[in-house]
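Report on the structure given below.
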Amino acid sequence: MLAIRNNIKCYEKLNKTVEGNEAVAVQIETSFGHLLIASIYIPPNIKLHHELFGQIYDLDNDCLILGDLNASLQYMGSKKTNAKGLQLQQVLYEGYLQCIDNVLTTYIRNNYEEKIDWILASQPTITFINNVETQAPFGLKEDHKPLTFNLDMSAEKKPQSPRISFNFKLA
């Protein structure tokens, strides 16, 4: 899921599924230029499609990629490393994306918690991300905790609708 505030101007740049990897990306205008924001979902039994991350980066090399990758990577805060974590590690080794380094668990089931949801970004975007937190599930799958964060960039606001009515008093 990708949610952008109503008052922020954005344009869909990508909406596709590649070998089971589901991705949607929008571009917003910021005070620094364009920023591409992408959300990726990779089901548990599907391989991480390495090239999809490169395709997103090629759309705009100033990008932010978020999602439920179902990847565990111990050196980045997960309790263990799984096969998909090793695939994510290969994406990170390419060097064009970096990962927010934290130990926040995003998945919980039967008293087991793990970090499987990720925030990846290019430079300099990653330096503008702060206050990363998990939230209580709000109507989503009960086993995932949504990630929230602040992105200290000013986005271009949509112009007000020309249909705004004004209430003038008669003189």
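Each step along the sequence shown adds one to the number in the working numbering, with nothing skipped, and position 158 is 152. Every residue gets a Cβ at the ideal spot worked out from N, C-alpha and C, and that includes glycine.
{"Item": "Helix or strand or just coil, what does DSSP make of V126?", "Value": "strand"}
{"Item": "How far does the alpha helix (DSSP H) with A77 in it extend, from its first residue to its last?", "Value": "77 to 87"}
{"Item": "What does G61 pair with, by DSSP beta-bridge criteria?", "Value": "I34, W112"}
{"Item": "If you draw a straight line from the alpha carbon of Q49 to that of Y90, how long is it in whole angstroms?", "Value": "12 Å"}
{"Item": "For Y69 and S116, what's the separation of their Cα atoms in angstroms?", "Value": "19 Å"}
{"Item": "For H28, which residues does DSSP report across the bridge?", "Value": "E23"}
{"Item": "Out of F47, K139, N64, which one is the CA nearest neighbour of N55?", "Value": "F47"}
{"Item": "Using C-beta distances below 7 Å, list every residue in its chain close to C4, excluding the 5 sequence neighbours before and after it, in chain order.", "Value": "I(-2), V20, Q21, I22"}
{"Item": "Starting from Y202, trace the alpha helix (DSSP H) both ways and give me its first and last residue.", "Value": "Because the chain in this structure spans residues -5 to 165, residue 202 falls outside the shown range and cannot be described."}
{"Item": "In three-state DSSP terms, what is Q92?", "Value": "strand"}
{"Item": "Helix or strand or just coil, what does DSSP make of I120?", "Value": "helix"}
{"Item": "State the Cα-Cα distance for the pair E13 and L141, rounded to the nearest angstrom.", "Value": "25 Å"}
{"Item": "Can you name the residues that DSSP bridges to K10?", "Value": "A17"}
{"Item": "Starting from the C-beta of L8, find all residues in its chain whose C-beta is less than 8 Å away, skip the five residues before and the five after it, and write them out in chain order.", "Value": "A17, V18, A19, A32, Q49, I50, L53"}
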